[in-house]
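Asker:
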Amino acid sequence: MKKLVAAILAASMLAGTLTACSGGQTASESQSAPEQSESTGAAEGGTRFLNIQNETGVDSLDPQIATDARSHELLGTFLEGLCTIDADGNVVPALAESYEVSEDGLTYTFHLRDALWSNGDPVTANDFVFAWQRALSTDVASEYAFMLYEVAQLKNSQAIADGEMDPSELGVRAEDDKTLVAELENPVVFFPSLTAFPTFFPVNEAFYDSCNGSFATSPDTLLSCGPYIVTEFDPAATTYRVEKNDQYWDAENVSLAGISFQVISDNQTSLLSFQNGEMDVVRIGGEQVELVRDDPAFSVLPFAGYLWYLSLNMEGVEALDNLNMRKAIYYAIDRDLLANNVLADGSDPATYLVPTNLANGPDGQDYRATGPEYEGGDEAKATEAYNLACQELGQNEFSFEMTIEDTDTCAKVAAFLQDQIQTKLPGVIISIRTVSRKQLNDDMRAGEYNIGLTRWGADYLDPMTFLALWKTGASNNFGGWSNAEYDAILDDCTTGTLATDAQGRWDALHDAEQIAMNDCEVIPLYETHSCVLQNPNVTGLTFQPYGILRNYKYVTINE
């Protein structure tokens, strides 16, 4: 127990703490779920359903494949990890009843509680072994496989990712049905918190095999070990539904009969759906915020949300490989105007790569408070850098296509950026291409874009959850930026001498961020602080700054 407490305390010191960072219907026909009430929060036969608005749809409910926040959020309703994050932001055991860590910090032993899958099968240690090995399998090609080798540093994970070893040699084993042992190559004090992330969620191997290649594509090919089961899901649909899982180990603490999710991307429609009583919780932005700012149901979430930025394709677009062109674009953008006038939703202008209120250092201060301040928009500097870029590139006319996802907010932001860049950099033409979020991610990953308006949210409470994005060869380093000094610092903070030097590591992470900022490797724009309208009768819904952003387990609706 002392080792467990020590591990959590160490994670709080090194990885940071919370302060004020991209389904499971049973396959058994014997399970049934209650009927949904037609009215929001209404009781019908003692049942209560929560109605939630989401801005975007769900890409995948395969825990090892899902990459976006909405998919992760839905996964968190019907699956659970070894650990979870409680309402106070603490890492606590979930499917694991307890765990210990070795003195050298390299071996974690998890003791599983008695828990069942929604088809009646027991949850076993092998379900985790299968899932973690699967995440590194070339057949799955998980975009989040880096969580196992770059972040968790599971033994042999890097060699497996590089194709040098088989997934069966991953440093995780089931000593028996109730005992899971994970071996790391280097100490990772926040490892328990990683097991609360969907990529580390279990998969029932026998059920997976029975799906014959259709796993996680419909309610019948999903299995639950969490608070709810998925009863309505189609990847192309805009409505999803989960209902209480009576076989969940902690079902007595789940009071909702279920949750209905509706995709509504337009802010005005979202607001009306709340005012009409159709939705219990909605997110809004822009001018709608001013209409409800004084409403008791309105709140602005205070912790770090997404960092929105422009990804520049340096490998595929010669002009964007020019540092002065990147500087010109950076300085051309008035982020204060963007955040306060265009968005007007509580978002903050961002001239940095690691958001505020994400993680505290050894001295207890927020990461942003202890680092340098970076310059924002400056038209004179934009002009100076642009003139140099034109000289270096031997031309004074440039056309760039900006690819964005199909939401109301992205359209407004893109129009603003288009005007800012074209006005302040004469000769630059910005066209806008609108696609689905999945298509945007696919295009950027394939290098088939010029400029991408994109975002990242924290996967764990450490600055590395952002800084690791732009390491050479990282799966989310879409633009292809590479800097040897930057890479060396991150390596030292992960596997070198700085890995166990809390203050030295913290200082070095600031150094790495400064290198990336000086090179304008991406163009940070703003960080979100979501504006929410919530039915006052709804209590127990917790919002988290990383991983699964909303936890529905303890929600109640008061009559």
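Residue numbering for the sequence shown is -20 to -1, 1 to 539, as defined by mature numbering (1 follows the signal peptide of the UniProt record, and there is no 0).
Even for Gly, the Cβ is constructed at its ideal location relative to N, Cα and C.
Is DSSP giving Gly3 helix, strand or coil here?
Answerer: Confidence in Gly3 is poor, its pLDDT being 30 and thus under 50, which makes the residue's placement unreliable; the coordinate value appears in the next sentence. Looking at Gly3 - three-state DSSP - the assignment turns out to be coil, as it is neither helix nor strand.
Asker: Let's see if you can read the secondary structure: which residues bound the beta strand (DSSP E) around His91?
Answerer: Thr87 to Leu92 is the span of the beta strand (DSSP E), which, as asked, contains His91.
Asker: For the alpha helix (DSSP H) that contains Arg306, what are its first and last residues?
Answerer: Per DSSP, Arg306 belongs to the alpha helix (DSSP H) from Leu303 to Ala312.
Asker: Pull up the distance between the alpha-carbon of Glu9 and that of Pro102, whole angstroms please.
Answerer: Bear in mind that a pLDDT of 30 at Glu9, under 50, signals an unreliable position, so the model cannot answer this.
Asker: Can you give me the C-alpha to C-alpha distance between Ile469 and Ala492, rounded to a whole angstrom?
Answerer: The straight-line gap from Cα to Cα measures roughly 6 Å.
Asker: Starting from Ala488, trace the alpha helix (DSSP H) both ways and give me its first and last residue.
Answerer: Unbroken alpha helix (DSSP H) run through Ala488: Ala482 to Asn498.
Asker: Look up Thr508 in the DSSP assignment and say whether it is helix, strand or coil.
Answerer: Note: Thr508 maps to coil in three-state DSSP.
Asker: Determine the extent of the alpha helix (DSSP H) in which Lys224 is found, giving its start and end residues.
Answerer: It is not in any alpha helix (DSSP H) - Lys224 instead sits in the beta strand (DSSP E) that spans Thr219 to Lys224.
Asker: Give the DSSP-derived three-state secondary structure of Leu441 in the structure shown.
Answerer: Residue state, collapsed to three classes: coil.
Asker: Measure from the alpha carbon of Phe181 to the alpha carbon of each residue in Asn517, Asp314 and Phe58, then state which is nearest.
Answerer: The shortest C-alpha separation from Phe181 is found at Phe58.
Asker: Could you work out which residue in Pro178, Ala299 and Ala105 is closest to Glu381 when comparing CA atoms only?
Answerer: Of Pro178, Ala299 and Ala105, the residue nearest in Cα terms is Ala299.
Asker: Using the beta-carbon count (16 or more within 10 Å), is Pro406 buried or exposed?
Answerer: Per the 10 Å Cβ criterion, exposed.
Asker: Quick one: what does DSSP say Phe213 is sitting in, helix, strand or coil?
Answerer: Looking at Phe213 - three-state DSSP - the assignment turns out to be coil, as it is neither helix nor strand.
Asker: Confirm, please, whether the CB-CB distance from Met305 to residue 571 is below 8 Å.
Answerer: The question about residue 571 has no answer, for the chain in this structure spans -20 to 539.
Asker: Would you decide whether Ser82 is buried or exposed? Buried here means 16 or more other CB atoms lie within 10 Å of its CB.
Answerer: Ser82 should be labelled exposed.
Asker: Per DSSP, Thr519 is paired with what?
Answerer: Thr536.
Asker: Let me know the secondary structure DSSP gives Val322 once reduced to three states.
Answerer: It is helical.
Asker: Quick one: what's got a C-beta closer than 7 Å to Ala139's C-beta in the same chain, skipping five residues either side?
Answerer: Correct list, in chain order: Met145.
Asker: Are the beta-carbon atoms of Leu420 and Glu385 separated by less than 8 Å?
Answerer: It is a contact, given that the beta carbons lie within the stated cut-off.
Asker: Excluding sequence positions up to five away, which residues of its chain have a Cβ less than 6 Å from the Cβ of Tyr286?
Answerer: Here the set comprises Arg435, Gly437 and Thr508.
Asker: For Gly453, does the three-state DSSP call read helix, strand or coil?
Answerer: Coil, per DSSP.
Asker: Reducing DSSP to helix, strand and coil, say where Glu355 ends up.
Answerer: Correct three-state label for Glu355: coil.
Asker: Which residues mark the beginning and the end of the alpha helix (DSSP H) in which Trp112 is found?
Answerer: Taken as a continuous stretch (DSSP letters only), the alpha helix (DSSP H) holding Trp112 covers Ala105 to Ala115.
Asker: Alpha carbon to alpha carbon, what distance is there between Asn367 and Leu433?
Answerer: Their Cα atoms are separated by approximately 25 Å.
Asker: Name, in chain order, the residues that DSSP records as bridge partners for Ala162.
Answerer: DSSP lists Tyr88 and Val152 as partners of Ala162.
Asker: In chain order, what residues of the same chain have a beta carbon less than 7 Å from the beta carbon of Gln402, not counting five sequence neighbours either side?
Answerer: The residues are Val408, Ile409 and Ile410.
Asker: Quick one, are the C-beta atoms of Leu55 and Pro178 less than 8 Å apart?
Answerer: Result yes, Cβ atoms of Leu55 and Pro178 sit closer than 8 Å.
Asker: Thinking C-alpha only, which one of Val120, Thr389 and Leu128 is nearest Ala319?
Answerer: Closest by alpha carbon: Thr389.
Asker: What does the Cβ neighbour count give for Asp39, buried or exposed, with the cut at 16 atoms within 10 Å?
Answerer: It is buried - the Cβ of Asp39 has at least 16 other Cβ atoms within 10 Å.
Asker: Just the Cα atoms here: how many angstroms apart are Leu252 and Glu223?
Answerer: Using only the alpha carbons, I get a separation of about 26 Å.
Asker: What does the alpha-carbon distance come out to for the pair Asn337 and Cys473?
Answerer: Near 21 Å, if we compare the C-alpha coordinates of Cys473 and Asn337.
Asker: How about Glu77 and Arg93: are their beta carbons less than 8 Å apart?
Answerer: Going by C-beta atoms, Glu77 is nearer than 8 Å to Arg93.
Asker: Taking just the CA atoms, how far does Gly341 sit from Tyr526?
Answerer: C-alpha separation (whole angstroms): 17 Å.
Asker: Inspect the beta-carbon positions of Phe108 and Leu62 and report whether they are closer than 8 Å.
Answerer: Contact flag set, yes.
Asker: Suppose the cutoff is 6 Å on Cβ atoms and the five residues either side in sequence are ignored; what does the same chain contact list for Phe278 look like?
Answerer: Correct list, in chain order: Val272 and Leu513.
Asker: Could you give the distance in angstroms between the alpha-carbon of Leu397 and the alpha-carbon of Phe195?
Answerer: So the two alpha carbons sit approximately 41 Å from each other.
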